[in-house]
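Protein chains in written order, with our numbering: chain R, 24 to 459; chain L, 24 to 459.
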């Protein structure tokens, strides 16, 4: 029986899960693919901590480059993360003709162009199913199952930390800060949660998915990114009254001359299948021109779900090696063409505004007057019970408006004396908009 | 550029969609896979009806066997359906060393063993993504994405006709007969809907999925199958009161010594992601031991969604041919082992009973007495407003009970004088049960 040799570098949570599957499921995988996949190395600077795994002799090593240097290793699984040593290691593995499997979305979103180019030159694969949506098979679905489709849009809940926090704010009325602290206590958020809560992680993922879907590069710096730190229980409560949930969405739409790619909190109606995705779960909706909407849903993070996705990539490459396939799934950068990304100012959508205004006569007409001057048409106005003192929240939902006009109008409104604090703006992602 | 030649036999709805994608998306697919896929034939006994497609000269032919006999054809797409000519054609294609793509679940569920054996002998593929769940990539997900998982269970809404009918009964309070007529009028049900509404089509699909998941054969004749013809608006109304929806489910669970595979209407709670799958949509939940639950959702039928799945299989095989892969994805029959399927009598689950009983004192205690004698424990009893005359519905929900006991008890109850008509039995698929 043919044997494929794998080296895992980075034996943290996911790496440990990968090693566990390779060891515990060796016979199962062998029976399924007709070849043997052998864990030749698991490398980590920390070889002291017990991983609860019995490694064969000489498997668990300290030096990641020992793995890359061994000519017997066919596939390097990079699970170190970050973009310093991980990048060097990946480039060296490629140079030595090894295939690479990674979950490193940050590195691929930022440096993918060069890495994929090197891999393509060397005729090796960089596989990255585990980098987006944990165990959800979104890369495979877009690249293989939807290969006969022009992809029209992708909409995803791609960050479990943010979704956990938003669910906690909604279910328990917590403030953002308290919900974040709870996420950290329960292991759903990092000590430094910036990359998650500010939307950066979601942006990395939607860049990769957009590039896959359209066959065109999407520069991370062109993507509008807004995180969830400004979301309050009050806005979630208002959203509920209108039949909406607030989710941090990654949205990517193919348009005639450019693609619209953006990350921000958005209101979506209860009818939208993404609205019922709660806690740390992820979900991705893809609209193909032949398939219509497909939604995939599952655990977007965690040891075993992410390890499962890594294993699927390892097995795919093993199947190639064993069957003699060469460059079976080309993933070419630079892309066929690089259309521009729609600047956020050009976006047209529905908006939710929450103004904090003095409770005085004439305030509403002043606000409405400014909006009117910028051509922003109000669909409905909502005001919650008056306080005896201090500002009151005034909520407005708009008809379709252009982001540029919205920003200018709101900036003008926010400078009015009667406005107490910065107006909250949340975009509404409606199904009608999809059909525009 | 390498070229792969495809012959489509059966140019009905799906076949037309396949031809359309192969022609209209030729350049797109070429750019994605680095090879050209050419539609060499579209065969159908009816070459008169306009398909709205411009075929090149000599492409649109009458004789399906001309396609199979042409040594230039690499892949035969069988979309005739049924198990007579389709089987002969498939066997002949295999014998001539051609790969086969099909959407024919009936043929594969009934004759798969022999067909896969022949294909394996000849080193060719039989690909069947389009046979289950339309465009939902369930075959690929189970076979490739979950390759590192032991599959614990599959639960699916796999028949769009049934789901459409159940949704209509629920939303509009129609009788089964009226909802079926509406489905037929709107093109969601065949003139002879037996295979759909009696659960046979769903059974074909869950047999294939179980075989794929467990690597063990599941005989269609071992699968318990119950359709939706007995579902009434009254039962759907009761279900709603208890927080349940009624769906025709295909359920397959890996158990220690055998697999439980069954098809029947079931009540599922609103928390279950399958409960919000309405109309002609399909959805499949798969639980892997590493991934936990993954849910895939999309159009389970229709011209373009099904054609999209066919194309994904065609492209997969084309990628193999172009990259020089041999037997990359083996699908071996006979299976590794054939455990028995759990007889339905051994099932343990929660039940909903609706008795039509005379409105007399003592009836309830008589029914409860019989249930008690069979060890069936009642969780709650519900009775709707009394009629002045005639039988009244008495609904009971049970704790876990064994199907054999239930059948015997209900048969005894149904023979009582006070019982007006056959008792309605609907199984409740609870999430707790999953964890047993």
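Cβ coordinates follow ideal geometry from the N, Cα and C atoms, glycine included.
Residue 198 of chain R and residue 290 of chain L have their C-alpha atoms some 37 Å from each other. Using a Cβ-Cβ cut-off of 7 Å, residue 351 of chain L is close to 342, 346, 348 of chain R, given in chain order. Secondary structure at residue 405 of chain L: strand, using DSSP grouped into helix, strand and coil.
Of all residues in the stretch 140-168 of chain L, those with a C-beta nearer than 7 Å to a C-beta of chain R are 158, 159, 160, 163, 164, 167, 168, reading in chain order. Here the stretch 264-276 of chain R lies against the stretch 174-188 of chain R, with 3 or more beta-carbon pairs under 8 Å apart.
Note on residue 101 of chain L: 16 or more other CB atoms within 10 angstroms of its CB, so buried under the neighbour-count rule. Interface with chain R (9 Å Cβ-Cβ cutoff): residue 128 of chain L is excluded. Of the residues assessed, residue 168 of chain L falls on the buried side of the cut-off, its CB having 16 or more other CB atoms within 10 angstroms. Closest in C-alpha terms to residue 397 of chain L, from the list L/252, L/430, L/230, comes L/430.
Interface annotation, residue 339 of chain L: in contact with chain R, CB-CB separation under 9 Å.
Residue contact with chain R for residue 36 of chain L: absent (no Cβ-Cβ distance below 9 Å to any residue of chain R). Taking all protein chains shown into account, residue 163 of chain R has 16 or more neighbouring C-beta atoms within 10 Å of its C-beta and is therefore buried. Taking a Cβ-Cβ threshold of 7 Å, the residues of chain L close to residue 172 of chain R are 331, in chain order. Counting along the chain, the unbroken alpha helix (DSSP H) around residue 117 of chain L starts and ends at 108-118.
Burial of residue 216 of chain R is indicated by the presence of at least 16 other C-beta atoms within 10 angstroms of its C-beta.
Counting only runs that start and end inside the stretch 78-103 of chain R, the alpha helix (DSSP H) elements of at least 4 residues fall at 87-92. The beta-carbon distance between residue 333 of chain L and residue 99 of chain L, rounded to whole angstroms, is 12 Å. This is too long to meet the 8 Å contact definition. Contact annotation: residue 234 of chain L and residue 182 of chain L have beta-carbon atoms that are not nearer than 9 Å. For the beta strand (DSSP E) assignment, the uninterrupted runs of no fewer than 3 residues enclosed by the stretch 362-407 of chain R are, from N- to C-terminal side, 371-380, 401-406. In this structure, the alpha-carbon of residue 36 of chain L lies about 48 Å from that of residue 218 of chain R. Non-local C-beta neighbours of residue 345 of chain L in its own chain, meaning closer than 6 Å and more than five positions away in sequence, comprise 25, 58, ordered along the chain.
It is roughly 17 Å from the alpha-carbon of residue 340 of chain L to the alpha-carbon of residue 94 of chain L.
Under DSSP, residue 122 of chain R takes part in a beta bridge, and its partners are R/98.
Not a single C-beta of chain R is nearer than 9 Å to the C-beta of residue 391 of chain L. Interface with chain R (9 Å Cβ-Cβ cutoff): residue 179 of chain L is excluded. At a Cβ-Cβ threshold of 9 Å, residue 90 of chain L and residue 129 of chain L do not count as neighbours. Contact of residue 320 of chain L with chain R is assigned, a C-beta pair being separated by under 9 Å. Taking a Cβ-Cβ threshold of 9 Å, the residues of chain R close to residue 51 of chain L are 170, 171, 172, 173, 238, in chain order.
Take residue 312 of chain R, set aside five residues on each side of it, and the residues of its chain with a beta-carbon closer than 7 Å to its own are 172, 173, 175, in chain order. For residue 56 of chain R, the enclosing alpha helix (DSSP H) has its first and last residue at 49-56. Counting C-beta pairs closer than 8 Å gives fewer than three between the stretch 386-400 of chain L and the stretch 293-313 of chain L, which falls short of the contact rule. The beta carbon of residue 48 of chain L falls within 9 Å of a beta carbon belonging to chain R, placing the residue at that interface.
For residue 445 of chain R, the enclosing beta strand (DSSP E) stretches over residues 442-451. Cβ atoms of residue 417 of chain R and residue 380 of chain R come within 8 Å of each other, at about 5 Å. Taken through DSSP and simplified to helix, strand or coil, residue 220 of chain L comes out as helix. According to DSSP, residue 315 of chain L shares a beta bridge with L/311.
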